[in-house]
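Colleague: Our numbering applies: residue 17 is where the sequence shown begins, and numbers increase by one.
Note that CB positions come from ideal geometry on N, CA and C, so glycine has one too.
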Amino acid sequence: MRAITIPEPGGPEVLTWAEVPDPEPGPGEVIVDVRASAVNRADLLQRQGHYPPPPGASAYPGLECSGVISATGPGVSGWQVGDVVCALLAGGGYAERVAVPAGQLLPVPMNVDPVDAAALPEVAATVWSNLVGLAHLGMGETLLVHGGGSGIGTFAIQLGVALGATVVVTARSAKHERLRELGAAHTIDYTSEDFVEEIKNITDGRGADVILDIMGGAYLGRNVAALATGGRLLVIGLQGGRKGELDLGALLNKRGSIFATALRSRPVEEKAAIVRGVREEVWPLVESGAIGPIIDRKMPMALAAEAHRIVGSNDHLGKVLLTVD
């Protein structure tokens, strides 16, 4: 088969569409013939040499895919050759075929194109496990989403609205109109506005009940300042650095909580539990039309380097998909 390989760390130009050995299904695994994968920020970090795949995972980038099951390994039940699926991966999505633990498979939701379904598994699992599994976001609460125009952000807006929350996002002003169409009640231009001041104004001084953060260290202090009493800060990315200053007194006074989570490195059993939750609680919302895949563009897999440049520029809105003919 062919796959996108990373012969050495570097810029987008190091990504190489090359012939590689076909994967074989291990116990509890299936082989998926890939129709599409999606570009995630983690893929860019892996390409740069900063985010290696977990032990035992494919060396090729790609944290999600859609396609058709072409083979099953020992011990697989509930799935068969010919099933059209999408999947959460620890790696390997940038390829014509990938081995997937059966517990990380999802049926393609009704009314979603099988190619477009590649935009769903990673964001759905990340957002649901944080907003619902950890933060228990509730009706009437205020959710602040940083990076509202990203794949994570566009999905979080939709899930937050479906859960009855008031969603506020930070994003470049050029993306605001589309984010309001997705359900964001308020938009903040992080390039020219102070999100702490803005969230206070929006909530009459109370702050955000839940903050979903992709920035990490650079936003840590301001995120705590933006929390409401009893607020929950969910750190899922480090685009603003690994380290920041934390005022524990401010956190104590607000009886606040900080969660820092990663999905890729979790054991297979934990990922399977998250995928089950997504299938039970999120897929009905997708099939009803309350949530949908937000896709900026689709490109041939061989053009992965250009797709990485687009995602690295932050000019996209939603997901960039890589397709296999």
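Report the start-end ranges of each alpha helix (DSSP H) in the stretch 128 to 199 that is 4 residues or longer and not cut off at the edges.
Modeller: 137 to 144, 167 to 178 and 192 to 198
Colleague: For Asp-59, which option in Val-291, Arg-292, Ala-276 and Gly-253 has the closest C-alpha, if you only look at C-alpha atoms?
Modeller: Gly-253
Colleague: Is DSSP giving Ser-304 helix, strand or coil here?
Modeller: helix
Colleague: Kindly list the residues whose CB is nearer than 6 Å to the CB of Thr-158, restricted to its own chain and excluding five residues on each side of it in sequence; keep chain order.
Modeller: Thr-182, Thr-219, Ala-224 and Asp-225
Colleague: With a CB to CB cut of under 6 Å and the five nearest residues on each side skipped, what residues in its chain are close to Ala-34?
Modeller: Residues of the same chain with a CB within less than 6 Å of the CB of Ala-34, apart from the 5 flanking positions on each side, are Thr-21 in chain order.
Colleague: I'd like the ranges of any alpha helix (DSSP H) spanning at least 4 consecutive residues and lying wholly in the stretch 217 to 249.
Modeller: Look at the stretch 217 to 249 and you find these whole runs of alpha helix (DSSP H), each 4 residues long or longer: 236 to 242.
Colleague: Determine the burial state of Thr-347: buried for a count of at least 16 other Cβ atoms within 10 Å of its Cβ, exposed for fewer.
Modeller: This structure gives no information on residue 347, because the portion of the chain shown stretches from 17 to 341.
Colleague: Classify Gln-96 as buried or exposed, calling it buried when 16 or more other Cβ atoms lie within 10 Å of its own Cβ.
Modeller: Exposed, because fewer than 16 other Cβ atoms sit within 10 Å of the Cβ of Gln-96.
Colleague: Could you check whether Ala-178 and Leu-301 sit closer than 7 Å to each other, using their CB atoms as the reference points?
Modeller: yes
Colleague: Which stretch, first to last residue, makes up the alpha helix (DSSP H) that contains Ile-326?
Modeller: 320 to 329
Colleague: Spatial neighbours of Gly-165 within its chain, please: CB distance less than 6 Å, with the 5 preceding and 5 following residues excluded, ordered by chain position.
Modeller: Ala-187, Lys-191 and Leu-333
Colleague: Following the continuous alpha helix (DSSP H) through Glu-285, name the residue where it begins and the one where it ends.
Modeller: 284 to 293
Colleague: With C-beta atoms as the reference, is Ala-11 less than 7 Å away from Leu-279?
Modeller: In the structure displayed, the chain extends from 17 to 341; residue 11 sits before or after that span and is not available.
Colleague: Taking the beta strand (DSSP E) that Leu-104 belongs to, which residues open and close that run?
Modeller: Per DSSP, the continuous beta strand (DSSP E) segment holding Leu-104 begins and ends at 100 to 104.
Colleague: Val-161 and Val-124 - do their beta-carbons sit closer together than 7 Å?
Modeller: It is not a contact, given that the beta carbons lie outside the stated cut-off.
Colleague: Distance check for Asp-263 and Glu-138, CA to CA, integer angstroms please.
Modeller: Taking the straight line from one Cα to the other gives about 32 Å.
Colleague: Does the pairing of the stretch 114 to 129 with the stretch 287 to 301 give three or more beta-carbon distances under 8 Å?
Modeller: Yes, the stretch 114 to 129 is in contact with the stretch 287 to 301.
Colleague: Tell me whether Glu-80 is buried or exposed, calling it buried when 16 or more other Cβ atoms sit within 10 Å of its Cβ.
Modeller: Buried is the call here.
Colleague: In terms of residues, what are the limits of the alpha helix (DSSP H) holding Asp-49?
Modeller: The continuous stretches of alpha helix (DSSP H) do not include Asp-49, which lies in the beta strand (DSSP E) extending over residues 45 to 54.
Colleague: At which residues does the beta strand (DSSP E) containing Arg-258 begin and terminate?
Modeller: No beta strand (DSSP E) contains Arg-258, which DSSP labels as neither H nor E.
Colleague: Any heavy atom of the ligand MG closer than 6 Å to the CB of Ala-87?
Modeller: Only the bare structure without any ligand can be found here, which leaves the ligand MG out of the picture.
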